[in-house]
Amino acid sequence: MRKLAFKDEILNRVEKPARYIGNEVNSVMKDKKEIAIRFCMCFPDVYEIGMSHLGIQILYDMFNQREDVWCERVYSPWIDAHEEMKRENIPLFALESQDPIKEFDFLGITIQYEMCYTNILQILDLSGIPLFSKEREEEPIVIGGGPCVYNPEPLADFFDLFYIGEGETVYYHLLDLYKEHKKQRGKRKDFLKKAAKIPGIYVPSFYHVSYKEDGTIQSFFPVEDGIPNMVHKELEMNLQETYYPLKPVVPFLRATQDRVVLEIQRGCIRGCRFCQAGMIYRPVRERDVNKLKEYASEMLKNTGYEEISLSSLSSSDYSHLEELVSFLIDQCKERGVNISLPSLRIDSFSLDVMSKIQDIRKSSLTFAPEAGSQRLRNVINKGLTEEEILGGASLAFKGGWNRVKLYFMLGLPTETEEDMYGIAMLSDKIARIYYETIPKEERNGKVQIVASTSFFIPKPFTPFQWAKMDTKEEFIKKARIVNHAMKEQLNRKSIKYNWHEPHVSQLEGVLARGDRRVGMAILSAYKKGSIFDAWTEHFQETNWLEAFMENHISIDFYTTRERDLDEILPWDFIDTGVTKEFLKKEWEKALKEQETPNCKERCSGCGARKFGGGVCYEN
Amino acid sequence: MKIRIKFSKYGVMKYVGHLDMMRFFQKAMRRAFIPIAYSEGFSPHQIMSFAAPLGVGMESQGEYMDIEVTSMEGMEGAIKRLQETMVEGIEIQGLKKLPESEKSAMSQVKRAAYWIGQREGTAVFQENFFSQKNLDEKLKEFYMYPGEIIVTKQTKRSEKIIDIKPMIYKMEVLKEGIYMEVAAGSTENIKPTMVLKEFCSFHHIPYEEKNIQIIRMDLYTEKDGMPISLGETGEIL
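Protein sequence lines correspond, in order, to chains Z and H. Note that the working numbering gives residue 464 to position 464 of the first sequence, counting from 1, and the numbers run on in steps of one. Note that the working numbering gives residue 45 to position 45 of the second sequence, counting from 1, and the numbers run on in steps of one.
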């Protein structure tokens with residue numbers, strides 16, 4: 001019987017003790033005496049969130065296929081457990097072996113959103129690993145991955161290395177290198193030096209940054225011989241043959257994503273100018289539909305899940321979507337399995353599918369116009385017209401739906417008051433379509449429209465990376481304008497308008513485009529007790545405001561300042577394949593309200609063609 | 001066709017709560033290809049019910065759930081298939097086909113048997129509490145006591161004052177611990193810790209919950225006032 005790191009007394013006291021026991025179906029146990037490398041994979045948020053992440057499942061499976069590696073998992077202990085651990089001096093442990101993380105060779109942390117940065121420090125702190133990489137000696141190598149490492153600079157001091165890009169390609173190489181290093185009892189620095197030469201690996205301690213008087217970057221360069229100037233993102237060009245976790249770990253607790261997840265493609269052809277994922281995962285690479293069918297059957301069998309979902313950006317663009325979905329509908333009916341669809345473009349196909357798998361009266365349609373006017377939709381290159389939205393809505397209303405969700409952003413570049421009014425007007429137009437298309441006697445009550453706005457946050461490696469972000473006050477003002485406009489609409493009683501508080505957006509803005517100096521503020525905020533910043537009820541704005549002040553960090557410098565096109569940006573040393581020239585051109589086209597066609601229509605020369613595959617070569 | 005499954009729950013699995021255990025078994029049914037019946041509608045669910053929820057932190061040697069299956073052919077080798085999909089800490093003890101007229105385990109359950117003892121590796125709960133010489137007599141004295149034992153029971157909305165005396169059927173010393181049979185189910189239900197607490201207060205012994213461990217031994221229905229284990233009914237598969 002496994003012995004747990006927490007004694008019964010603690011497990012009886014904390015909320016959801018199953019978060020800390022491991023033992024899940026398909027979790028991997030090995031004999032640590034026969035293992036050369038112990039790797040602990042971490043998602044720095046609570047168990048139920050972390051267990052929903054496909055990336056860790058892929059790497060967990062891939063690492064554990066090696067006989068010389070045992071990959072385990074750890075998630076952020078919830079606040080109650082955190083306090084128990086601090087009080088009783090219990091070091092953070094991995095779920096499988098229940099051994100302290102400090103005994104491991106690697107701690108790999110996936111960094112999915114900026115608001116988890118303090119949780120990363122929590123993980124290191126509870127593990128007893130020095131927070132600063134320069135202070136580590138015998139401790140595990142701390143490695144970061146995931147979308148946020150496309151600007152790793154705010155976290156540079158806390159990580160030994162970052163893996164930039166998709167994990168399938170060079171991890172084995174890194175592990176082999178480490179195994180050799182361990183056998184020879186090499187020095188930590190020598191290992192890092194060798195690792196830094198592997199494509200995609202960035203070792204921040206080997207680079208020096210200097211700043212100009214105005215606070216912008218003067219220079220960024222490697223300080224050791226043989227360390228590359230640029231770090232090139234890694235990506236898996238052969239998605240057909242690569243790893244797929246056919247036996248994913250099945251949690252006892254209900255995870256946020258509590259189902260089989262089938263990743264159908266990577267990348268997106270659309271090129272929305274605010275979207276980081278759409279740029280950094282280029283080019284689009286599809287998975288083979290027949291393989292996906294096999295995976296689906298196999299995974300349902302191995303997990304017993306009652307639900308399966310498809311995962312990708314813009315799933316409607318997957319070439320074999322119809323074939324795959326029909327297959328799943330047939331398969332799932334037999335087994336009593338539900339299908340959950342990603343948001344699809346609303347057309348006769350998707351409505352037909354939706355009517356087969358959901359209760360129309362309970363489900364809703366989702367549109368993400370992102371901007372209220374056609375002018376602004378051109379600026380952001382959201383290839384979605386008002387006719388398409390209204391046409392889709394009309395089709396859906398005739399099919400029996402009467403709930404619509406709309407997603408918009410406030411604070412996009414060039415936004416005017418007219419664009420804000422456009423959000424209310426578009427919502428109203430959709431309501432009108434309902435009352436015009438559906439005769440009174442056929443209506444199933446009122447149409448219910450829920451319009452939500454989030455605040456635009458410029459992200460690295462997008463054409464808007466130079467853009468000014470709005471202040472909190474501007475955001476609130478804009479949300480009020482929209483709210484007011486909503487109240488003036490004919491169908492105001494059918495429309496509900498939601499907006500979020502802008503405090504978190506502001507912080508996310510600083511962290512997203514921050515440089516190395518921001519790291520000290522993250523540390524200060526953590527020391528003041530900030531963790532779980534992504535959880536509204538735990539976000540403490542004052543901690544952060546004080547942290548920025550104490551470290552002489554101006555929020556405005558990172559958020560509201562529009563960057564010069566020739567400024568050295570903190571993330572410029574990363575090559576995602578998409579060139580800076582292309583991003584500049586897109587930024588300029590945005591300001592001229594010009595659209596760029598999607599990758600299937602025409603190649604716009606973003607640079608990702610150099611990877612030699614995917615959509616760039618399919619047409 | 002109705003099937004009753006008996007299982008045990010121990011070790012780390014005692015921290016997986018009732019609802020999560022249900023979800024665990026729903027998935028296990030699919031992994032083991034049990035021909036379980038589904039309800040109608042857009043999101044069909046398996047026809048499965050548990051006899052009585054087990055509190056988080058408790059182990060059990062006698063848990064029961066009833067399921068409905070669509071074919072008996074598909075049940076051949078089911079116990080082995082199910083056992084293979086379990087995790088450490090959950091063991092299938094038996095599978096029985098119930099008579100079609102049999103009521104659900106949930107509506108049948110009337111009594112539960114528990115064992116309470118010292119938790120391993122913890123500071124001793126009231127020095128020699130479970131091994132004291134006259135424990136047996138003290139227990140007898142407590143549950144043979146002719147008067148009422150009044151407790152205040154917290155429900156979701158209000159407080160209820162009840163006499164738990166008639167809900168205690170048996171108390172005796174068993175293997176350095178206390179074995180008890182008490183009322184369980186939808187009409188009358190008391191927690192073993194409440195009984196222990198009242199026992200302590202009856203004898204003016206200080207009570208502390210943290211160093212004890214509780215194992216549910218079995219669940220019973222009643223026939224003519226006599227307890228019958230839920231595992232008795234039906235034919236072995």
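Cβ coordinates follow ideal geometry from the N, Cα and C atoms, glycine included.
Quick check: is any heavy atom of the ligand MG less than 7 angstroms from the C-beta of residue i?
i, result
"Z/E88", "This structure lacks the ligand MG, and indeed carries no ligand of any kind."
Over what stretch of residues does the alpha helix (DSSP H) that includes residue i continue unbroken?
i, result
"Z/V615", "V615 to E618"
"Z/M549", "E541 to E550"
"Z/D80", "I79 to E88"
"Z/D352", "S348 to I357"
"Z/W466", "Counting along the chain, Z/W466 falls outside any alpha helix (DSSP H), and DSSP gives it neither H nor E."
"Z/G422", "E417 to T437"
"Z/L174", "Y171 to K183"
"Z/W587", "K580 to L591"
"Z/N338", "Counting along the chain, Z/N338 falls outside any alpha helix (DSSP H), though it belongs to the beta strand (DSSP E) covering N338 to S340."
"Z/I389", "E386 to K398"
"Z/S524", "G519 to K527"
Do you know whose CA, among the options, lies nearest residue i's CA?
i, options, result
"Z/K189", "Z/P152, Z/R136 and Z/T169", "Z/R136"
"Z/D359", "Z/S373, Z/L321 and Z/W401", "Z/W401"
"Z/C71", "Z/E618, Z/Y60 and Z/D80", "Z/Y60"
"Z/S312", "Z/D330, Z/Y305, Z/S340 and Z/E306", "Z/S340"
"Z/R287", "Z/I280, Z/G278, Z/F532 and Z/S315", "Z/S315"
"H/I50", "H/G94, H/V109, H/E102 and H/Q93", "Correcting the residue type first, residue 50 of chain H is Phe in the shown sequence and not Ile. Among H/G94, H/V109, H/E102 and H/Q93, the Cα nearest to that of H/F50 is on H/V109."
"Z/K600", "Z/M420, Z/V615 and Z/K589", "Z/V615"
"Z/I329", "Z/E307, Z/S319, Z/D317 and Z/Y318", "Z/E307"
"Z/F475", "Z/G509, Z/W466, Z/I56 and Z/L292", "Z/G509"
Determine the extent of the beta strand (DSSP E) in which residue i is found, giving its start and end residues.
i, result
"H/D163", "E159 to D163"
"H/G62", "E59 to E68"
"Z/S297", "No beta strand (DSSP E) contains Z/S297, which is instead part of the alpha helix (DSSP H) from V289 to T303."
"Z/V69", "V69 to Y75"
"Z/Y207", "Y207 to Y211"
"Z/T453", "Q448 to F455"
"Z/A368", "L365 to E370"
"Z/P222", "I217 to P222"
"H/E172", "I168 to V173"
Looking at the structure shown, is residue i part of a helix, part of a strand, or coil, going by DSSP?
i, result
"H/K9", "strand"
"Z/I555", "helix"
"H/A112", "strand"
"Z/C268", "coil"
"Z/D575", "strand"
"H/E31", "Residue identity check: residue 31 of chain H is Arg in the sequence provided, not Glu. Residue state, collapsed to three classes: helix."
"Z/C275", "coil"
"H/D218", "strand"
"H/F142", "helix"
"H/Q213", "strand"
"Z/C116", "helix"
"H/V151", "strand"
"Z/V28", "coil"
"Z/M41", "strand"
Are the beta-carbon atoms belonging to residue i and residue j less than 8 angstroms from one another?
i, j, result
"Z/I449", "Z/L406", "yes"
"Z/L300", "Z/V337", "yes"
"H/E208", "H/T193", "no"
"H/I212", "H/R119", "yes"
"H/M217", "H/G62", "yes"
"Z/I201", "Z/L175", "no"
"H/M13", "H/V87", "yes"
"Z/R563", "Z/E153", "no"
"Z/F573", "Z/N229", "yes"
"Z/P140", "Z/D99", "no"
"H/Y15", "Z/L11", "yes"
"H/L98", "H/T233", "yes"
* Would you check if the stretch 410–427 of chain Z and the stretch 464–472 of chain Z touch, i.e. whether three or more CB-CB distances between them fall below 8 angstroms? => When Cβ pairs closer than 8 angstroms are counted between the two stretches, the stretch 464–472 of chain Z is seen to touch the stretch 410–427 of chain Z, the count reaching three or more.
* Asked: Does the count of Cβ pairs from the stretch 386–403 of chain Z and the stretch 338–346 of chain Z closer than 8 angstroms reach three?
  -> Proximity of the stretch 386–403 of chain Z to the stretch 338–346 of chain Z meets the contact definition, three or more beta-carbon pairs being nearer than 8 angstroms.
* Within the chosen definition, does the stretch 494–503 of chain Z reach the stretch 471–486 of chain Z through at least 3 CB pairs nearer than 8 angstroms? -> Yes, they touch.
* Asked: With a cut-off of 8 angstroms, do at least 3 Cβ pairs link the stretch 175–194 of chain H to the stretch 99–115 of chain H?
  -> Contact between the stretch 175–194 of chain H and the stretch 99–115 of chain H is present, because at least three Cβ pairs lie under 8 angstroms.
* Touch test, the stretch 164–183 of chain Z against the stretch 115–123 of chain Z, Cβ-Cβ under 8 angstroms, three pairs minimum -> No, the stretch 164–183 of chain Z does not touch the stretch 115–123 of chain Z.
* Flag this pair as touching only if the stretch 42–62 of chain H and the stretch 1–10 of chain H have three or more C-beta atom pairs under 8 angstroms; answer yes or no. => The way I'd put it, the stretch 42–62 of chain H does touch the stretch 1–10 of chain H; three or more beta-carbon pairs between them come closer than 8 angstroms.
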